[in-house]
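S.K.: Here's a structure for you.
Residue numbers (full-length UniProt numbering): 1 to 159.
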């Protein structure tokens, strides 16, 4: 007898997310698109059907997810271990070594370039960082798609 395994809704969402990230990573590496005012234009593509598919896929994915991926990739390439930071009010937690040996040194909050940060939000980010004994980093993408980090450190005892 064959046992049929059906994916739960969350497993399907995770699988679709991973497939989308793989495709977006490929597109970023090949630099085959140009984002201009929330519209995507394929620069070099052979088949019209493939162009339409990629355009539909990119427009389905929110821009914040692209920023999260770009920042995750930058942290990973720097040799840091990156995990989910929802428990600490952040997007990511950063570990400088083995997770079982060291504690997370920083929490990263991903901000879109168009986001406006109110003063009370900066205070709350600093308080969360101080209370969890982690440095708070605000991560953003600049106009040339490079990652920019701004750190909040209110206590000299923080790493």
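Note that the Cβ used here is the ideal one computed from N, Cα and C, for glycine as well.
1. What did DSSP end up calling residue 128 once you bin it into helix, strand or coil?
2. By DSSP, does residue 92 sit in helix, in strand, or in coil?
3. Identify which residue in 98, 128, 145, 144 has its Cα closest to the Cα of residue 152.
4. What is the C-beta distance between residue 134 and residue 107, in whole angstroms, given that I count them as a contact (C-beta under 8 angstroms)?
5. Could you give the DSSP three-state label for residue 140: helix, strand or coil?
6. Is the beta carbon of residue 67 sitting closer than 8 angstroms to the one on residue 82?
7. I'd like to check one pair, residue 70 with residue 141: are the Cβ atoms closer than 8 angstroms?
8. Apply the 10 Å Cβ neighbour rule to residue 110 and answer buried if 16 or more other Cβ atoms are within range, or exposed otherwise.
9. Identify whether residue 80 lies in helix, strand or coil by the three-state DSSP scheme.
10. Would residue 168 be called buried (16 or more neighbouring beta carbons within 10 Å of its own) or exposed?
M.R.: Put simply:
1. helix
2. strand
3. 128
4. 5 angstroms
5. strand
6. no
7. yes
8. buried
9. coil
10. The structure shown has nothing for residue 168, since the chain only spans 1 to 159.
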